[in-house]
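Structure, as structure tokens:
Residue numbers (my numbering): 247 to 322.
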């Protein structure tokens with residue numbers, strides 16, 4: 247089953263928790279804000295990425311570690 251990660255990037259505080267937990271999906275930009283690798287950006291500046299079932303748990307860990315709760319992992 248496919249899932250979707252939504253990163254509400256405009257609200258990111260740059261804590262680096264997501265990049266530390268799941269570096270294969272997350273990296274820090276030069277401006278100190280996290281970036282969801284291979285994502286598309288919607289009209290609000292949020293990053294969106296579809297992932298397979300096997301990548302869900304790792305990204306849920308990253309979402310739970312986010313102190314401002316701006317990473318959402320949802321079923322499609």
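Yeah, the Cβ is synthetic: ideal placement off N, Cα and C, and Gly gets one too.
By Cβ distance, which residues of its chain are closer than 8 Å to residue 325, with the 5 residues on each side in sequence left out?
Residue 325 cannot be examined here, being either before or after the span of the chain that is shown, 247 to 322.
Using 9 Å as the threshold, is the C-beta distance between residue 311 and residue 266 below it?
Taking 9 Å as the Cβ cut-off, residue 311 and residue 266 qualify as a contacting pair.
Reference residue 302, options 287, 286, 293 and 319, closest by Cα:
Answer by Cα proximity: 319.
Beta-carbon spacing of residue 282, residue 293 below 9 Å
Against a cut-off of 9 Å, the Cβ pair of residue 293 and residue 282 comes out as a contact.
When DSSP labels each residue in this structure, what does residue 270 get in the three-state scheme?
Under the three-state reduction of DSSP output, residue 270 falls in the coil class, being neither helix nor strand.
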